[in-house]
Each structure stands twice: as C-alpha cells, then as structure tokens.
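Peer 1: If you use the numbering used here, the sequence shown corresponds to residues 427 to 675, in order. Backbone N, C-alpha and C define an ideal beta-carbon position, used for all residues, glycine too. Just dropping this structure here.
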Amino acid sequence: MDLATVSSHRFARSRDDLCLGAGETLLAGGTWLFSEPQPSTTGLVDLTTLGWPDLEKLPDGSLRIAATCPVAVLRERGGVFAWCADALLMSPKVQAVATVGGNVCLALPAGAMTSLLAGLDATAVVWTPEGGERIVAVTDLVVGNAATSLTSGEVVRCFDVPAASLAAPIAHRRFSLADLGRSAGVVIGMRTDEGVRATVTGSTTRPVLLTDGEGVEAIDCWHEDAHGALDWRAAQTERCLAEVREELG
C-alpha cells in the first residue's frame, strides 16, 4: 500500500540518525507498516542501512540476532527457529523481508518471534535516546496486546539468546482454529537445571512464564478475539502445557 502522507525517507547510518522528527517513524522490513494507512506518518527512517549483522556468535556462546534480521535468515537455523518462522504463515517472499525486531515490537499476541525469543529466555538490547543502552528480558519487553515497555526514543538493537538455551532440549506446541490459521496459542518448553521452563504466548496478551508446578490458573492475561474464545484457548493451552512437560520429562 502506498503511504500517501510520507514525504521523506532517511537512511540511518549511525545512532544519531535515529533521533526522530515530528511525524517520522522507524522502518525495517515494512511488511506491516505498508499494509495499512499510516495517516500520522510523514517520514520514514530506515534501520536496515545501519549494517547490523543478521546473526553473531558472541564470546560466551550466545547468539545475537539483529533487530533487522529477516525472519527467513533465522528460519535457516532449523528446529524451533524454523517452526516459529513457519507459524507466522508468511510466504517465502515476505519472510525474506519481515524482520525479527519488527515482529516483536508489534507486540501482537500471535507474534511468533516473540514466542520464540521468550521461549528461549532471550534478552533485548535496547538503545536509549541519551546514547546508553539497557537490557530487558523479552518476556518483559512485550507487556500487552500491541504494547511494549519501550519508551519514547528507544530502539531495539538486537536480541541475545543464551548459549544454555541453544543447547537445551526444547518442546513446542501450537494450536489454531484451522490448520493454517493464525496461532491462537503457543507453548514452548525448555529443560533447564531447575526443571521445565514453559512460556505461553498467543493465547495471552503478553508472554507468560510458567515454572514447574505452575498451571494455567496462574495466567491472568488471557486473550480473546475472532481467532479463539477465552475458554477454548485456556483449555488448549492447558493441554499443550501438559504435552510439553511430558515430552521434556
């Protein structure tokens, strides 16, 4: 869709370029931004020209995923990465453009990159407008339906997945009203030294972490829309949680 109100397009080359003027908004893949009218947007600031590497292995063995990393690049890692990428039901062309950071920052309940990163205990590196940075767990970055904990001027630089999460046994379940329908709920479990760490997304307005012994009764942020009634989502989430825990022993 053409954005008829946009009259400027800046290419970011440094952090200084991320200071937004009136009416400007950040652009990465643009797959959502260009999908509907944006009447309040008059300018775009392109993040993809910052040259962030899509994927980096850090000295401690963790995986750094740039906010501008295309979903298709992450999908190539296979396993739960590919499973979550495919849960977005994107065509290969859209996967090649849509970014991991864009999917997370939209903060939609069905955002599969949020499911993935919350499930793997990832943290986000957030650039602050005064030139610093802060680290926030992805489970605390997405705080509601289309709501994040980002404040004005903050930009997500990347996501770091711990080495322990990359090596841990993982189990996952997804459910929807149709085989190829939007995710109504996703449960990702990870075996840790303390037990099974399970994360619920899709059926909730924000990621919910459940430790061993915690059931769905601990969830207080159920999501309900045309893609699934609340009671059905709760029942299916309970089933998936039990299956994930059984699989991980």
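ASP442: buried (16+ other C-beta within 10 angstroms of its C-beta) or exposed?
Peer 2: The count along the sequence shown starts at 1 and reaches residue 442 at position 16. By the 10 Å Cβ count, ASP442 comes out exposed.
Peer 1: Rounded to the nearest angstrom, what separates LEU656 and ARG599 at their Cα positions?
Peer 2: The sequence position of residue 656 within the sequence shown is 230, counting from 1. The sequence position of residue 599 within the sequence shown is 173, counting from 1. Roughly 18 Å separates the two Cα atoms.
Peer 1: My guess is that PHE601 and GLY615 are in contact by the Cβ rule of under 8 Å, so how many angstroms apart are they, rounded?
Peer 2: Start at 1 with the first residue of the sequence shown, and residue 601 comes out as number 175. Start at 1 with the first residue of the sequence shown, and residue 615 comes out as number 189. Contact check for PHE601 and GLY615: beta-carbon distance about 15 Å, past the 8 Å limit, so the pair fails to qualify.
Peer 1: Between the Cα of THR475 and those of VAL552, ALA454, SER466 and PRO465, spot the shortest distance and give me the residue it belongs to.
Peer 2: For the purposes of this step, residue 475 is taken as the residue at position 49 of the sequence shown. Among VAL552, ALA454, SER466 and PRO465, the Cα nearest to that of THR475 is on ALA454.
Peer 1: Helix, strand or coil for ARG671 per DSSP?
Peer 2: Counting from one through the sequence shown, the residue named residue 671 turns up at place 245. Helix at ARG671.
Peer 1: How many Å lie between GLY447 and PHE437 at the Cα?
Peer 2: Within the sequence shown, residue 447 is the residue found at index 21, counting from 1. Within the sequence shown, residue 437 is the residue found at index 11, counting from 1. Cα-Cα distance, rounded: 14 Å.
Peer 1: Kindly indicate which three-state DSSP category GLY621 falls into: helix, strand or coil?
Peer 2: On the sequence shown, residue 621 is found 195 positions in, with the first residue counted as 1. Strand, per DSSP.
Peer 1: What's the gap between the Cα of GLY579 and the Cα of ARG439?
Peer 2: One-based indexing of the sequence shown puts residue 579 at position 153. One-based indexing of the sequence shown puts residue 439 at position 13. Answer to the nearest angstrom: the Cα atoms are 16 Å apart.
Peer 1: On a Cα-Cα basis, can you pick out the residue from ARG623, VAL562 and ILE645 that is closest to VAL581?
Peer 2: In the sequence shown, residue 581 corresponds to position 155, counting from 1. Closest option to VAL581, Cα to Cα, is VAL562.
Peer 1: By Cβ distance, which residues of its chain are closer than 8 Å to LEU592, with the 5 residues on each side in sequence left out?
Peer 2: Here residue 592 refers to the residue found at position 166 when the sequence shown is read from its first residue. Answer for LEU592: GLY487, SER488, LEU489 and LEU546, listed in chain order.
Peer 1: Rank ALA508, GLY628, ALA522 and ALA498 by C-alpha distance to the C-alpha of THR565 and give the top, closest one.
Peer 2: In the sequence shown, counting from the first residue as 1, residue 565 sits at position 139. The option with the nearest alpha carbon to THR565 is GLY628.
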